[in-house]
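Undergrad:
Numbering (the working numbering), first residue to last: 40 to 455.
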């Protein structure tokens, strides 16, 4: 018998179990590589009379005739579901099939968290097999021993903050690691810092308090993986050790802030970044510049060569510009063929020079797609933060006005 893996909570992820004595069960077996090798094979579902497992969760481990440990799940009805097990480090992982989709869960699945979906090929005969990638391969790169804070409620839900030796600050101050704009949050509200045994949350004598698992923190409180930290209406979850939940949240967050076509930031991410940088620049009287960029006569490309060519050109242009953007800057798709670049600590003169460099790069690039080669130009508008501006939308609006001035003046220009 294969031992060392427990499956508490697995029953909740499958259909209810029929405990009628002697009733036929719909059973699927997955033959796992005995040394947790690179693949598992899923045998075809079949009817079988099988007594209920004594473990009480509908799952039992049986010896395969070849000696390969097989994990079976017995279930009433005719829904195809199956289970396989692999081990990475100290944790076990479970794959189970629903129809022809394989779902990856941590085992024991403490939160019932869906981590990955892998399309499965349909079996074609009684001896047919579906081959799936090893669970080890599926979770490779996801499991991390770092400690994280994950925002589970708030403006940036899903955002993951990696904790380092330096304290992560939480507050209304724009320079905070986690800057939160809400009247109930103090400017220097709280921090999470490393300590013996892990991390602790420290309340900085905030007006409305810091809470760990709904209990107000008096001074500081030690954190264990899974703890919730509440500051105002924002809730953070502390995760550490071999935990793939943080990667799940990060992936969901990435999907909400990334443009699916160009793989750069979308308008939501742009607005979040602008909001923070605008507040920081206003507070500390720092330079902040925005460039709005639009491809000239882009509609003609779609009309003449089709949308696939147009999509290709947008992706190519995003790559061209993306290589020139620094880590502290933001490059985002604003909508359609319009893009926005945010340049902290840069004045209008330097930003205009940078915009001219981008214009030249785009004009000199040959866009080659399915035998077609096209040239493209772009118009750019530059705007710098002024004391009269009260919102970041004012800054973007001025850059947009300058962009359309460039178009009215003949296109392929930079106007600031």
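For glycine and all other residues, C-beta sits at the position ideal for the given N, C-alpha and C.
Would you grab the beta carbon distance between residue 334 and residue 376 for me? Rounded to a whole angstrom, and I think it's under 8 Å.
TA: Yes, they are in contact, since the Cβ atoms of residue 334 and residue 376 sit about 4 Å apart, within 8 Å.
Undergrad: Classify residue 238 as buried or exposed, calling it buried when 16 or more other Cβ atoms lie within 10 Å of its own Cβ.
TA: That one is buried.
Undergrad: From what residue to what residue does the beta strand (DSSP E) around residue 232 run?
TA: It spans 229-234 - the beta strand (DSSP E) in which residue 232 sits, taken as one unbroken run.
Undergrad: Does residue 382 pass the burial test, meaning 16 or more other C-beta atoms within 10 Å, or should it be called exposed?
TA: Classification of residue 382: buried, given that the 10 Å Cβ count is 16 or more.
Undergrad: Can you round the beta-carbon distance between residue 192 and residue 289 to whole angstroms, since I take them to be within the 8 Å contact cut?
TA: Not confirmed; about 16 Å, so no contact.
Undergrad: What are the boundary residues of the beta strand (DSSP E) that includes residue 461?
TA: Within the shown structure, residues of the chain are numbered from 40 to 455, placing residue 461 beyond reach of any answer.
Undergrad: Out of curiosity, what's the CA-to-CA distance linking residue 245 and residue 228?
TA: Cα to Cα, the separation comes out at about 5 Å.
Undergrad: Can residue 212 and residue 201 be called in contact, C-beta distance under 7 Å?
TA: Result no, Cβ atoms of residue 212 and residue 201 do not sit closer than 7 Å.
Undergrad: For the beta strand (DSSP E) that residue 238 lies in, which residues bound it at each end?
TA: Looking at the DSSP string, the run of the beta strand (DSSP E) that includes residue 238 is 237-242.
Undergrad: What does residue 261 pair with, by DSSP beta-bridge criteria?
TA: Looking at the DSSP assignment, residue 261 forms a beta bridge with 239.
Undergrad: Could you say if the region 296-308 and the region 360-372 meet the contact criterion of at least three C-beta pairs nearer than 8 Å?
TA: At 8 Å Cβ cutoff, the stretches touch.
Undergrad: For a test of the three-state rule: what should DSSP assign to residue 364, helix, strand or coil?
TA: Coil.
Undergrad: Taking all protein chains shown into account, decide if residue 273 is buried (16 or more other Cβ within 10 angstroms of its Cβ) or exposed.
TA: It counts as buried.
Undergrad: Given this structure, state the Cα-to-Cα distance separating residue 316 from residue 410, to the nearest angstrom.
TA: Taking the straight line joining both Cα atoms gives about 43 Å.
Undergrad: Would you check if the region 427-436 and the region 397-416 touch, i.e. whether three or more CB-CB distances between them fall below 8 Å?
TA: Cβ pair count under 8 Å is below three, so no.
Undergrad: What number of angstroms, rounded off, separates the C-alpha of residue 453 from the C-alpha of residue 340?
TA: Roughly 22 Å separates the two Cα atoms.
Undergrad: Indicate whether the contact test is met: 3 or more Cβ pairs, each with one atom in the region 340-355 and one in the region 437-452, closer than 8 Å.
TA: No: fewer than three Cβ pairs fall under 8 Å.
Undergrad: For residue 207 versus residue 231, is the C-beta spacing smaller than 7 Å?
TA: Yes, the Cβ-Cβ distance between residue 207 and residue 231 is below 7 Å.
Undergrad: From what residue to what residue does the alpha helix (DSSP H) around residue 402 run?
TA: Here the alpha helix (DSSP H) through residue 402 covers 387-403.
Undergrad: Quick check: what's the CA-CA separation for residue 254 versus residue 204?
TA: Rounded to the nearest angstrom, the two C-alpha atoms are 26 Å apart.
Undergrad: Using DSSP bridges, identify the partner residues of residue 329.
TA: For residue 329, which the question treats as bridged, DSSP gives the partners 381 and 422.
Undergrad: Please report the residue range of the beta strand (DSSP E) in which residue 305 lies.
TA: Premise fails: residue 305 is in no beta strand (DSSP E) and is neither H nor E.
Undergrad: How would you call residue 358, buried or exposed, if buried means at least 16 neighbouring beta carbons within 10 angstroms?
TA: Residue 358 comes out exposed.
Undergrad: With 16 other CB atoms within 10 Å as the buried threshold, where does residue 294 fall?
TA: Exposed, because fewer than 16 other Cβ atoms sit within 10 Å of the Cβ of residue 294.
Undergrad: Tell me whether residue 323 is buried or exposed, calling it buried when 16 or more other Cβ atoms sit within 10 Å of its Cβ.
TA: Exposed: under 16 other Cβ atoms inside 10 Å.
Undergrad: With 16 other CB atoms within 10 Å as the buried threshold, where does residue 401 fall?
TA: Flag for residue 401 reads buried.
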